[in-house]
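Residue numbers are given in the working numbering: position 3 of the sequence shown equals residue 155, and the series is strictly consecutive. Where is the CB? At the ideal position from N, CA and C, for every residue including glycine. Only a predicted model underlies this, so the values are computations on that prediction, with no experimental measurement involved.
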Amino acid sequence: ANKSLSLLNNAFENNEGGAVFAVLDNEAVDISLSGNTSMGSPYGGFRLTGTIDGQVTYTGQDDFPFILWNTLTVNTGARLDIPFGTTFKTGNYNYLLDVYGTLRAQGSAQAPVVFTSYYDDALGGDTNADADASTPNPGNWGGIRFQPGSSGILDYCTVAYGGGNLGSNVVVQSDEVSVQNTNIWYGRVNGIRIEGASPTVENNLIGFNQQHGISITEFSDQPFALTGNDFQSNGNIAIKASVTDATNDIL
């Protein structure tokens, strides 16, 4: 069985360095957050960074988020499961969730999994305890990247204000990825960037990204379909494909 860490019904008040900070070194540990509160700290959540091994579950809160304090990497062969009602925040242009193994973020319509800016008070509360002094902006954090050979699902999630060093909220370089029933909002350049892959992309709201809703640079050899998506108020083109020597049929 995995090691486990549970934080239940703790009150964190006026801790200048934040509530919690963990550095993971190829770690396989389940983490569970429930009933925790933070007041008066600029880091009102569970800060973490490092690398994940094994098959782990991070069960969080919507108002006491996990805060990426550098890039969090899911190693090849590892799997990170994130259930409904969990919030992740990040506030650095270069920090991302980098997936070489498997990421399964599966929320619900009532309690989505949220990946957003550290400065976003509307989702996950006032994490930096500055009231209205800061506001979220596209590119506040890097985004989510599915590397070649990875797999994953984003189902009933919100991914917002990313695309820092990646340019896009979500970058997909693997066929074995599904993005569905998810809000992809306010990317610095694109909502989703697809690079040499044919993921499943269906029933999403893809909007308010500064350039394109979806940018496709290359298809894989597998069939690719965009189904039932709603593209709203993107700054340039809803779907932009810039491909070379493509042999795909278009239906």
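Spatial neighbours of residue i in its chain, beta-carbon cut-off 6 Å, leaving aside the 5 residues before and after
i: Thr228; result: Tyr252 and Gly253
i: Pro264; result: Tyr308, Cys309 and Thr310
i: Phe360; result: Trp337, Tyr338 and Ser385
i: Ala351; result: For clarity, residue 351 is Pro in the given sequence; the question names Ala instead. Cβ neighbours of Pro351 beyond the five flanking positions: Val324 and Val329.
i: Ile183; result: Leu157 and Tyr210
Selected residue, minimal CA-CA separation from residue i, among the options
i: Asp356; options: Ile366, Glu328, Gly316 and Thr209; result: Per the sequence shown, the amino acid found at residue 356 is Asn instead of Asp. Taking only the C-alpha atoms, the option nearest Asn356 is Ile366.
i: Asn289; options: Ile389, Arg340 and Thr201; result: Arg340
i: Gly343; options: Phe383, Asp182, Ala349 and Asn167; result: Phe383
i: Gly237; options: Gln213, Ala285 and Asn244; result: Gln213
i: Leu232; options: Arg256, Asn244 and Tyr247; result: Arg256
Within 9 Å, strictly: CB atoms of residue i and residue j
i: Ser186; j: Leu159; result: yes
i: Gly319; j: Ile296; result: no
i: Val353; j: Ser385; result: no
i: Leu224; j: Leu249; result: yes
i: Thr279; j: Gly197; result: yes
i: Gln332; j: Leu306; result: yes
i: Tyr270; j: Ile234; result: no
Residue i versus residue j - alpha carbon distance
i: Phe173; j: Trp221; result: 9 Å
i: Ile368; j: Arg345; result: 6 Å
i: Gly291; j: Val323; result: 14 Å
i: Pro375; j: Gly304; result: 18 Å
i: Ser394; j: Gln363; result: 14 Å
i: Ile402; j: Ala283; result: Confidence at Ile402 is low in this model, with a pLDDT of 49, below 50, so the placement of that residue should be treated as unreliable; the coordinate-derived value is given next. Each residue's alpha carbon lies about 49 Å from the other.
i: Asp327; j: Met191; result: 43 Å
i: Ala171; j: Arg199; result: 8 Å
i: Thr189; j: Ala163; result: 5 Å
i: Phe216; j: Gly277; result: 8 Å
i: Ala281; j: Lys241; result: 14 Å
i: Gly380; j: Glu168; result: 46 Å
i: Val266; j: Thr334; result: 10 Å
Close beta carbons around residue i, own chain, < 7 Å, minus the five adjacent residues each side
i: Glu127; result: Beyond the ends of the chain as shown, which are 153 and 403, falls residue 127; an answer cannot be given.
i: Val181; result: Asn154, Lys155, Ser156, Leu157 and Val208
i: Glu165; result: Met191 and Gly192
Residues near residue i in its chain [Cβ-Cβ closer than 8 Å; skip 5 each side]
i: Leu176; result: Leu200, Thr201, Gly202, Thr203, Ile204 and Leu224
task = Report the residue ranges of all beta strand (DSSP E) runs contained in full by the segment 185-231; include only those spanning at least 3 residues, in chain order.
result = 189-191, 198-204, 207-211 and 218-226
Which runs of the beta strand (DSSP E) fall wholly inside the segment 241-321 and span at least 3 residues, in chain order? 248-251, 254-258, 265-269, 295-298, 303-307 and 309-312
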